[in-house]
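Protein chains in written order, with full-length UniProt numbering: chain A, 1 to 297; chain B, 1 to 438.
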């Protein structure tokens, strides 16, 4: 969601019954402006809000198009108190399966411990794990130039779970209308200035929308590597259909404002106003994946 | 000479010289900042649009989005927004009176504080007004929106006063106006179509119990079949009504003390006489709120069914007690703080106390908004601010579950028993019917 267009684009989010209150909008705008002054991005977008039991998380995403081959670099930021955005920690692939089993709500406290490794309150950590309080054994190489230090095991905090969820949603759901972006001769991604929007008929067909991520399917990977990829607009993956029916495309009563909702991540929606250059996506939900979807259809 | 060379490179309609002319003219006209990056794009666009540099006056750069709205949609929208006209255009007929309908526009403002955005709230409000007039429904309110796979449902709750004959109902179904079928619900896919509000049918206890075992995402079509295991006997409209009733019965809450139990009949409640809504500061914790509606019993009704034929040797009152002990009633008006992990309460907005206009400085005015969200039925929101209490559901219509949902396996189809070996009928010669003897 473009930052300067948040109040207008919230109209689309209203279709699934979500919005930002007046207080949230004002604080969010200030925090986003602060963030964009400290770090330089080609574009800063508001990604969405994840509701927790005590507080909510607000996520922003910074995109860097220039000097990145084929796909812009995405950086995520979060804030729980709307005062200052902080970087989302990098993903730790060790905990991937465990995170997918978490089904309880987020609490809104980033420092909350979800998986306890180091042990608390005087519990002795297991003997085979290095005690985090003692200085770590230093392994020296033969030539004494590199010193390898084993990092102490860290607890898995809620903010790490947040990083998983945000990256998962972004990977599985982020979408764009076909034609909204194009490649330059140096294969960098840019927004297409001559994009006029999909017309009324095209906007209600899901085939005219594509993922906003580096292409994964083999034929799209080939397409984007070719030299004439400049002249094609559909070089990203099409929206997957596994499970069938996970995407729901609906319009409002004027048939003009299209939202594409994902039923596996209820709360995610991509939107487009037919005939204009207004498009985007956002997530307003509780951050829990609906894994039972296959049984619900 | 260069010009002729370029003109030799031809295509069907144009040659390279002309094409370069066209492209450069367009670039000069548009004057983009990043013309270098867009150069290939311009070439491509000029080829597909057929821009000709001689006709440059006819093209303009003003970015105008062409707004086209379908004629019929335009008419329907205007009809909805204008004053209600029950007759035709030539003979306008005003609506005489409508039942109670809370002002959705004012309430939307409260819901915005809760982070709930009601899309097209004015259209919904007008559509509800129209519903109230045409179906003579009283105590109407916007119940909420249930999202579906292809279409969404807008749901209205009220009491239908027009007489509808339901015919003979099976004994376990609570008749219209009682039990779980007390309130009527209307569902609508398309707000612009005023004929679209369809009243949801009466439901049976069996349907309630089946809906407790399945997890289904609605399609948006009231008549579609619901294929699940255990099999839900009914169409999507029955399941929709069942979920709506379950949600309403378990999540409507009111400030503590607004109702009291009736003496002698602890399952009935009456409004507290001389009750004053507490101020903002007395409603800030979960303890200050209580359930309003009765829970649905395990049998799927609100009141136990006493069969007309009692087993022998047992007196009616004793039998009734036995049934009630097996499926006990829950206490009415329980505080919601007893429900573990089921509610989330937040205070938002401006919570300063202001002195009111009148001289009574004891009753301060507080514009803070108290939001109570249900964690069991995600999407259910209750808001309270300045003596206005309102409730809404915006969700997919199923409960939050912590465990993965595994539908029950259908029972194994037993294989047929092998046929017994056939033997021919013993026909003794003596049994052969005697031929007619001449």
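Just so it is clear, CB atoms sit at the ideal spot from N, CA and C, and this is done for glycine as well.
What in chain A is Cβ-close to residue i, meaning under 8 Å?
i: residue 150 of chain B; result: 248, 250
i: residue 348 of chain B; result: 21, 23
i: residue 378 of chain B; result: 286
i: residue 73 of chain B; result: 253, 254, 255
Quick check on this structure: which residue in the options has the alpha carbon closest to the alpha carbon of residue i?
i: residue 83 of chain B; options: B:107, B:130, B:72; result: B:130
i: residue 235 of chain B; options: B:372, B:246, B:220; result: B:220
i: residue 14 of chain B; options: B:143, B:190, B:48, B:222; result: B:48
i: residue 111 of chain A; options: A:44, A:55, A:235, A:10; result: A:55
i: residue 62 of chain A; options: A:7, A:53, A:47; result: A:47
i: residue 288 of chain B; options: B:246, B:265, B:254, B:306; result: B:254
i: residue 278 of chain A; options: A:233, A:192, A:222; result: A:192
i: residue 244 of chain A; options: A:69, A:226, A:264, A:81; result: A:264
i: residue 179 of chain A; options: A:65, A:211, A:91, A:35; result: A:211
i: residue 193 of chain B; options: B:307, B:335, B:80; result: B:80
i: residue 123 of chain B; options: B:189, B:2, B:423; result: B:189
i: residue 188 of chain A; options: A:21, A:71, A:49; result: A:71
i: residue 105 of chain A; options: A:95, A:52, A:75, A:67; result: A:52
i: residue 259 of chain B; options: B:30, B:373, B:294; result: B:294
i: residue 156 of chain A; options: A:109, A:172, A:225; result: A:109
i: residue 227 of chain A; options: A:260, A:183, A:246, A:207; result: A:183
i: residue 107 of chain A; options: A:87, A:50, A:197; result: A:50
i: residue 83 of chain A; options: A:261, A:208, A:1, A:25; result: A:25
i: residue 232 of chain B; options: B:278, B:170, B:212, B:426; result: B:212
i: residue 289 of chain A; options: B:182, B:400, B:28; result: B:400
i: residue 125 of chain B; options: B:154, B:136, B:116; result: B:154
i: residue 343 of chain B; options: B:23, B:101, B:252; result: B:252
i: residue 144 of chain B; options: B:171, B:107, B:135; result: B:107
i: residue 100 of chain B; options: B:120, B:142, B:76; result: B:142
i: residue 354 of chain B; options: B:279, B:421, B:377, B:320; result: B:279
i: residue 64 of chain A; options: A:40, A:85, A:281, A:86; result: A:40
i: residue 283 of chain A; options: A:161, A:166, A:66; result: A:166
i: residue 261 of chain A; options: A:280, A:274, A:276; result: A:280
i: residue 383 of chain B; options: B:348, B:358, B:412; result: B:348
By the criterion of Cβ-Cβ separation under 9 Å, what are the contact partners of residue i in chain A?
i: residue 11 of chain B; result: Correct list: empty, because the minimum Cβ distance to chain A is about 16 Å.
i: residue 102 of chain B; result: Within chain A, no residue comes near residue 102 of chain B; the closest Cβ sits about 18 Å away, beyond 9 Å.
i: residue 143 of chain B; result: Simply none; closest approach about 13 Å.
Return no unless some Cβ of chain D is closer than 8 Å to the Cβ of residue i.
i: residue 230 of chain A; result: No chain D is part of this structure, whose protein chains are labelled A and B.
Name, please, each residue of chain A whose Cβ falls closer than 7 Å to the Cβ of residue i.
i: residue 230 of chain B; result: Within 7 Å Cβ-Cβ: nothing; residue 230 of chain B doesn't reach chain A, min ~13 Å.
i: residue 117 of chain B; result: 10, 13, 14, 17, 18, 19
i: residue 45 of chain B; result: 194
Contact check, residue i vs residue j under 8 Å by CB: the rounded distance?
i: residue 73 of chain B; j: residue 254 of chain A; result: 6 Å
i: residue 283 of chain B; j: residue 370 of chain B; result: 6 Å
i: residue 164 of chain A; j: residue 99 of chain A; result: 5 Å
i: residue 80 of chain A; j: residue 57 of chain A; result: 5 Å
i: residue 240 of chain B; j: residue 146 of chain B; result: 7 Å
i: residue 26 of chain B; j: residue 42 of chain B; result: 6 Å
i: residue 37 of chain A; j: residue 44 of chain A; result: Contact doesn't hold; Cβ gap of about 10 Å is too wide.
i: residue 217 of chain A; j: residue 237 of chain A; result: 5 Å
i: residue 381 of chain B; j: residue 391 of chain B; result: 7 Å
i: residue 88 of chain A; j: residue 102 of chain A; result: Actually they do not touch by this definition, with Cβ atoms about 17 Å apart.
i: residue 394 of chain B; j: residue 105 of chain B; result: Going by Cβ atoms, the distance from residue 394 of chain B to residue 105 of chain B rounds to 17 Å, so no, they are not a contact pair.
Using a Cβ cut-off of 8 Å, pull out every chain B residue sitting near residue i, in sequence order please.
i: residue 16 of chain A; result: 147, 394
i: residue 245 of chain A; result: 149
i: residue 105 of chain A; result: 375
i: residue 182 of chain A; result: 41
i: residue 88 of chain A; result: Ordered by position in chain B, no residue passes the 8 Å Cβ test against residue 88 of chain A, which lies about 22 Å from the chain.
i: residue 190 of chain A; result: 37
For a contact meaning CB atoms closer than 7 Å, what does residue i contact in chain B?
i: residue 161 of chain A; result: Chain B residues near residue 161 of chain A: none, gap ~15 Å exceeds 7 Å.
Which residues in chain B have a C-beta closer than 9 Å to the C-beta of residue i? List them in chain order.
i: residue 114 of chain A; result: The premise fails here: residue 114 of chain A is roughly 15 Å from chain B at the closest Cβ pair, so nothing lies under 9 Å.
Discussion item. Please give the ranges of any beta strand (DSSP E) in the segment 155-181 of chain A, keeping only runs that are unbroken, at least 3 residues long and fully inside the region.
Written reply: 175-177
Worksheet item: What residue ranges within the segment 192-242 of chain B form continuous alpha helix (DSSP H) runs of no fewer than 4 residues, ordered along the chain?
Response: 205-213
Worksheet item: Which whole runs of the beta strand (DSSP E) in the segment 261-321 of chain B are 3 residues long or more, in chain order?
Response: 265-271, 289-291
Worksheet item: Taking one C-beta from the segment 199-207 of chain B and one from the segment 103-122 of chain B each time, how about it: are there three or more such pairs within less than 8 Å?
Response: no
Worksheet item: Can at least three beta-carbon pairs, one atom from the segment 261-274 of chain A and one from the segment 13-30 of chain A, be found at a separation below 8 Å?
Response: Output reads yes: the segment 13-30 of chain A touches the segment 261-274 of chain A.
Item to complete: Say whether the segment 293-303 of chain B touches the segment 351-367 of chain B, bearing in mind that this needs 3 or more beta-carbon pairs closer than 8 Å, one atom from each stretch.
Response: no
Item to complete: Jot down the residue ranges of each uninterrupted beta strand (DSSP E) in the segment 207-249 of chain A, minimum 3 residues, whole runs only, in chain order.
Response: 209-211
Worksheet item: On the three-pair Cβ rule with 8 Å, is the segment 140-157 of chain B touching the segment 216-231 of chain B?
Response: yes
Fill in: Complete runs of the alpha helix (DSSP H) confined to the segment 111-151 of chain B [at least 4 residues]
121-134
Item to complete: May I have a chain-ordered list of the beta strand (DSSP E) segments no shorter than 3 residues that lie completely inside the segment 33-97 of chain A?
Response: 43-50, 57-64, 73-79
Worksheet item: What are the complete alpha helix (DSSP H) segments, minimum 4 residues, inside the segment 262-297 of chain A?
Response: 293-296
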